[in-house]
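Those protein sequence lines, which keep their order, are chains H, B, L, G, Z and Y.
No gaps in the numbering here: position 114 of the first sequence is 114 in our numbering, and each next residue is one more.
No gaps in the numbering here: position 20 of the second sequence is 20 in our numbering, and each next residue is one more.
No gaps in the numbering here: position 89 of the third sequence is 89 in our numbering, and each next residue is one more.
No gaps in the numbering here: position 39 of the fourth sequence is 39 in our numbering, and each next residue is one more.
No gaps in the numbering here: position 105 of the fifth sequence is 105 in our numbering, and each next residue is one more.
No gaps in the numbering here: position 106 of the sixth sequence is 106 in our numbering, and each next residue is one more.
There are 6 protein chains.
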Amino acid sequence: MSARREPIEYADASPEVRAVYDDIMATRKTDWVNNFWKVLAHDPPTLRRIWGSIKEVMAPGALDPLTKELLYVAVSASNSCRYCIASHSAAARRKGMTEAQYSELLAIVGLANETNRLVSALDVPVDEAFL
Amino acid sequence: MSARREPIEYADASPEVRAVYDDIMATRKTDWVNNFWKVLAHDPPTLRRIWGSIKEVMAPGALDPLTKELLYVAVSASNSCRYCIASHSAAARRKGMTEAQYSELLAIVGLANETNRLVSALDVPVDEAFL
Amino acid sequence: MSARREPIEYADASPEVRAVYDDIMATRKTDWVNNFWKVLAHDPPTLRRIWGSIKEVMAPGALDPLTKELLYVAVSASNSCRYCIASHSAAARRKGMTEAQYSELLAIVGLANETNRLVSALDVPVDEAFL
Amino acid sequence: MSARREPIEYADASPEVRAVYDDIMATRKTDWVNNFWKVLAHDPPTLRRIWGSIKEVMAPGALDPLTKELLYVAVSASNSCRYCIASHSAAARRKGMTEAQYSELLAIVGLANETNRLVSALDVPVDEAFL
Amino acid sequence: MSARREPIEYADASPEVRAVYDDIMATRKTDWVNNFWKVLAHDPPTLRRIWGSIKEVMAPGALDPLTKELLYVAVSASNSCRYCIASHSAAARRKGMTEAQYSELLAIVGLANETNRLVSALDVPVDEAFL
Amino acid sequence: MSARREPIEYADASPEVRAVYDDIMATRKTDWVNNFWKVLAHDPPTLRRIWGSIKEVMAPGALDPLTKELLYVAVSASNSCRYCIASHSAAARRKGMTEAQYSELLAIVGLANETNRLVSALDVPVDEAFL
Numbered sequence: 001m002s003a004r005r006e007p008i009e010y011a012d013a014s015p016e017v018r019a020v021y022d023d024i025m026a027t028r029k030t031d032w033v034n035n036f037w038k039v040l041a042h043d044p045p046t047l048r049r050i051w052g053s054i055k056e057v058m059a060p061g062a063l064d065p066l067t068k069e070l071l072y073v074a075v076s077a078s079n080s081c082r083y084c085i086a087s088h089s090a091a092a093r094r095k096g097m098t099e100a101q102y103s104e105l106l107a108i109v110g111l112a113n114e115t116n117r118l119v120s121a122l123d124v125p126v127d128e129a130f131l
Numbered sequence: 001m002s003a004r005r006e007p008i009e010y011a012d013a014s015p016e017v018r019a020v021y022d023d024i025m026a027t028r029k030t031d032w033v034n035n036f037w038k039v040l041a042h043d044p045p046t047l048r049r050i051w052g053s054i055k056e057v058m059a060p061g062a063l064d065p066l067t068k069e070l071l072y073v074a075v076s077a078s079n080s081c082r083y084c085i086a087s088h089s090a091a092a093r094r095k096g097m098t099e100a101q102y103s104e105l106l107a108i109v110g111l112a113n114e115t116n117r118l119v120s121a122l123d124v125p126v127d128e129a130f131l
Numbered sequence: 001m002s003a004r005r006e007p008i009e010y011a012d013a014s015p016e017v018r019a020v021y022d023d024i025m026a027t028r029k030t031d032w033v034n035n036f037w038k039v040l041a042h043d044p045p046t047l048r049r050i051w052g053s054i055k056e057v058m059a060p061g062a063l064d065p066l067t068k069e070l071l072y073v074a075v076s077a078s079n080s081c082r083y084c085i086a087s088h089s090a091a092a093r094r095k096g097m098t099e100a101q102y103s104e105l106l107a108i109v110g111l112a113n114e115t116n117r118l119v120s121a122l123d124v125p126v127d128e129a130f131l
Numbered sequence: 001m002s003a004r005r006e007p008i009e010y011a012d013a014s015p016e017v018r019a020v021y022d023d024i025m026a027t028r029k030t031d032w033v034n035n036f037w038k039v040l041a042h043d044p045p046t047l048r049r050i051w052g053s054i055k056e057v058m059a060p061g062a063l064d065p066l067t068k069e070l071l072y073v074a075v076s077a078s079n080s081c082r083y084c085i086a087s088h089s090a091a092a093r094r095k096g097m098t099e100a101q102y103s104e105l106l107a108i109v110g111l112a113n114e115t116n117r118l119v120s121a122l123d124v125p126v127d128e129a130f131l
Numbered sequence: 001m002s003a004r005r006e007p008i009e010y011a012d013a014s015p016e017v018r019a020v021y022d023d024i025m026a027t028r029k030t031d032w033v034n035n036f037w038k039v040l041a042h043d044p045p046t047l048r049r050i051w052g053s054i055k056e057v058m059a060p061g062a063l064d065p066l067t068k069e070l071l072y073v074a075v076s077a078s079n080s081c082r083y084c085i086a087s088h089s090a091a092a093r094r095k096g097m098t099e100a101q102y103s104e105l106l107a108i109v110g111l112a113n114e115t116n117r118l119v120s121a122l123d124v125p126v127d128e129a130f131l
Numbered sequence: 001m002s003a004r005r006e007p008i009e010y011a012d013a014s015p016e017v018r019a020v021y022d023d024i025m026a027t028r029k030t031d032w033v034n035n036f037w038k039v040l041a042h043d044p045p046t047l048r049r050i051w052g053s054i055k056e057v058m059a060p061g062a063l064d065p066l067t068k069e070l071l072y073v074a075v076s077a078s079n080s081c082r083y084c085i086a087s088h089s090a091a092a093r094r095k096g097m098t099e100a101q102y103s104e105l106l107a108i109v110g111l112a113n114e115t116n117r118l119v120s121a122l123d124v125p126v127d128e129a130f131l
């Protein structure tokens with residue numbers, strides 16, 4: 001008995017789950033589904049809801065798809081989520097992220113975590129210009 | 001006696017601190033300095049070091065200045081740093097961020113925090129394709 | 001020389017440590033002790049103090065034992081503590097948590113992390129009704 | 001120009017936003033909407049999406065509504081989100097949470113944060129029984 | 001009805017709570033009690049338990065009292081807990097912390113938060129020498 | 001293609017990177033470089049900048065080197081950064097940290113994380129004496 005849930009492969013999935021997998025593959029123009037979704041599949045309503053949110057939030061909009069993916073990587077790196085960094089940096093690379101861009105992104109994540117703590121610790125008063 | 005340190009205004013600053021203030025204003029092409037630096041000024045070596053890091057990391061590079069600022073805002077929002085969100089979203093607006101872009105950025109920050117926790121809690125195994 | 005401390009088994013434990021192990025097993029009506037305690041045993045005062053806190057806080061009270069364990073799992077999942085999720089979800093299962101309940105718990109943990117960040121980032125003013 | 005967005009009152013809201021406000025009030029059997037939604041209303045798609053998620057996740061299921069709300073409060077308290085604690089503890093009280101239950105919940109949140117850090121710092125190996 | 005609990009003054013406290021207040025004042029050789037304890041006093045068992053833990057953990061030991069207080073300030077600053085920074089930096093000053101030491105402490109807190117994120121994001125393999 | 005970057009050994013490093021490695025070894029009076037730097041070496045400007053910050057912040061000052069290292073370990077433990085705990089606790093041991101001191105440090109990290117959450121959740125008002 002474990003906290004880890006095994007990925008559910010397409011062949012073993014219910015029609016409800018397969019429908020989500022199919023939409024993921026169609027939306028991403030790919031023929032595979034990564035483990036995050038296969039593990040979420042143990043809870044089909046959550047699988048459907050989270051995929052719906054990702055599909056809506058990450059769709060092209062006022063921000064282009066690469067910028068959106070970079071933001072996702074940055075938050076995941078700031079949160080030290082190893083799987084999330086791996087999956088979203090892979091997605092960012094597919095959308096054109098270069099190694100130099102990734103290095104700059106990580107430098108920003110690191111520095112923001114430093115200054116965020118200094119600001120909070122020093123309880124810096126918000127400037128009138130920012131109100 | 002307080003944990004908060006009062007901002008040090010230009011008129012009251014030492015030559016070492018004024019030199020940093022001058023470089024901040026020259027680099028940013030502006031005639032004022034926000035409170036973060038004025039509070040850091042109680043510790044001149046840290047003021048100089050952090051400004052040096054910000055100047056280097058946020059300079060145009062493989063990522064453009066607006067994208068860099070968006071990443072800074074996203075990490076600050078993910079860390080719930082109120083002052084940092086205020087100051088960096090103001091900077092992002094000066095560099096062209098629209099309200100629609102800001103809304104999309106916040107949606108990504110929120111969603112990434114949700115999926116980061118699901119991934120960690122479920123201990124999702126990293127896909128071979130990501131290794 | 002390592003940051004990791006090896007678990008101290010009952011046979012190798014001092015009388016002071018054995019007394020805590022005995023109380024853990026008696027309280028939990030079980031014949032084994034999990035690694036958290038065996039690692040804490042390198043620091044007997046901390047072992048005794050933390051066990052005392054757990055025993056007091058997790059005892060039946062205004063909240064029933066299962067609800068208490070669910071809350072412990074939720075915080076551990078929100079903090080991405082893999083061992084803590086494993087051990088406390090196992091404890092929750094022993095107290096009756098079903099897989100459906102666990103799925104719902106995780107969905108709440110994920111969603112709360114999303115809305116917590118949106119609330120902070122937007123600096124939502126507290127409603128009069130909540131003051 | 002500010003990072004804070006003002007709450008949008010019903011009278012000033014678009015039909016799309018009003019429809020969400022109406023559903024919130026109908027679902028909760030109340031005649032008012034708290035500020036979180038009124039601030040999210042600046043971004044109608046996010047307002048609609050987040051409300052949809054809350055409505056689905058917090059609906060009665062394998063866990064009863066009070067337990068769900070307690071879990072939401074616990075995560076919010078662990079994340080130090082002041083507004084979230086205020087709004088969700090108010091919701092929990094409406095669903096029957098007593099002050100004694102709230103005290104026990106906070107004690108668990110505090111203790112879990114303590115042991116989560118000890119576990120991570122000591123890199124406790126996962127017991128075979130938990131795999 | 002609010003999430004905030006008002007401080008309970010000595011004059012209004014039960015004998016059980018007064019006994020803890022008395023021990024706090026005697027241990028700290030002072031004639032007042034700060035708000036943290038007066039707010040915790042709404043839950044006497046938690047008041048007693050947390051004070052017992054603080055008294056034990058912060059007592060002189062292998063680390064001297066000032067170093068212990070500096071560590072408490074550093075963790076509180078890293079966690080952006082404004083009240084905790086205020087109260088523990090005041091305690092550290094009473095035990096001899098200078099402004100120069102506080103500045104250096106904050107610089108370490110900031111830098112550790114930066115490098116912690118870089119290390120996690122880059123998934124740095126642990127050196128053999130550290131195992 | 002992976003999120004992990006392999007360590008760059010001295011023999012394979014560019015002159016710019018070797019110069020940093022040389023300075024690390026000279027400053028630390030040692031003949032090896034740990035993996036953090038070898039991984040950062042994929043981004044030479046960040047390698048140089050972060051090393052410069054560490055060298056400046058961790059140099060003897062108002063706080064002695066061991067106290068500084070203990071603070072670094074405490075923040076890393078609070079942030080659950082496994083590599084950082086391993087590397088900085090090794091450094092602290094080289095500077096004289098005993099196992100008893102390490103145990104006390106961890107106890108403080110755990111307890112501070114507990115009380116930090118209680119303080120935030122209870123929204124404790126800052127005492128006048130701390131203002």
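We treat Cβ as the ideally placed atom computed from N, Cα and C, and that holds for glycine.
- Taken in chain order, the members of the segment 100 to 115 of chain L whose beta-carbon sits within less than 7 Å of a beta-carbon on chain H are Ser103, Ala107.
- DSSP places H:Glu16 within a helical segment (H, G or I) once states are collapsed to three.
- Every alpha helix (DSSP H) of 4 residues or more that sits fully in the segment 6 to 87 of chain L is shown, in chain order, as 15 to 28, 35 to 40, 44 to 57, 65 to 78.
- Using a C-beta cut-off of 8 Å, the segment 14 to 32 of chain H makes no contact with the segment 56 to 73 of chain B, since fewer than three inter-stretch Cβ pairs fall below that distance.
- If you check the CB distance, L:Val126 and G:Tyr72 do not come in under 8 Å.
- Looking at the backbone, the Cα of G:Pro15 and that of H:Asp23 are separated by about 31 Å.
- In this chain, the alpha helix (DSSP H) harbouring H:Thr115 covers 99 to 122.
- When rounded, the separation of the alpha-carbon atoms in H:Val109 and Z:Ala121 is 9 Å.
- Between B:Ala112 and H:Val75, the C-beta gap is smaller than 8 Å, which places the two residues in contact.
- In the same chain as B:Ala13, and ignoring 5 residues on each side of it, the C-beta atoms closer than 7 Å to its own belong to Tyr21, Ala41, in chain order.
- In summary, L:Thr115 is buried, with 16 or more beta-carbon neighbours lying within 10 Å of its beta-carbon over all protein chains present.
- Residue-level contact by beta carbon holds for L:Lys68 and chain G, with a gap shorter than 8 Å.
- Per DSSP, reduced to three states, the secondary structure at H:Arg93 is helical.
- Annotation: Cβ neighbours of G:Thr98 in chain L (cutoff 9 Å, chain order): Ala62.
- Within 10 angstroms of the beta-carbon of L:Pro60 lie fewer than 16 other beta-carbons, which makes it exposed.
- At a cut-off of 8 Å, the C-beta of Z:Asp43 has a neighbouring C-beta in chain G.
- Shortest Cα-Cα distance from Y:Ala129 to any of Z:Val124, Z:Ala91, Z:Ala107, Z:Leu106 involves Z:Ala91.
- By a beta-carbon distance limit of 8 Å, L:Thr98 does not contact Y:Ser103. Their separation comes to about 39 Å.
- Neighbours of Z:Thr46 in chain G, taken as residues whose beta carbon is under 7 Å from its own, are Ser103, Ala107 in chain order.
- Rounded to whole angstroms, the gap between the alpha carbons of Y:Ala62 and L:Ala77 is 39 Å.
- Here the alpha carbons of Z:Arg48 and L:Trp37 stand approximately 23 Å from one another.
- The distance from the Cβ of Y:Arg5 to that of Y:Val39 is about 5 Å, consistent with a contact at the 8 Å cut-off.
- Contact annotation for H:Leu71 against chain Z: no contact, minimum CB-CB distance about 14 Å [criterion: below 9 Å].
- When only Cα atoms are considered, H:Val124 and B:Asn34 end up about 10 Å apart.
- At a C-beta separation below 9 Å, Y:Ala90 has these neighbours in chain Z: Asp127, Ala129, Phe130.
- Proximity of B:Glu56 to chain Y, defined by a Cβ-Cβ separation below 8 Å, is satisfied.
- For H:Arg49, the nearest CB of chain G lies under 8 Å from its own CB, placing it at the interface with that chain.
- Using a CB distance cut-off of 8 Å, Y:Ala74 counts as an interface residue toward chain Z.
- When the alpha-carbon of H:Arg117 is set against those of Z:Ala11, Z:Asn79, Z:Pro7, Z:Pro44, the nearest one is in Z:Asn79.
- When Cβ-Cβ separations below 8 Å define contact, Z:Ser80 makes no contact with chain L.
- In summary, Y:Ala26 is exposed, with fewer than 16 beta-carbon neighbours lying within 10 Å of its beta-carbon over all protein chains present.
- B:Pro7 and H:Leu106 have their C-alpha atoms some 30 Å from each other.
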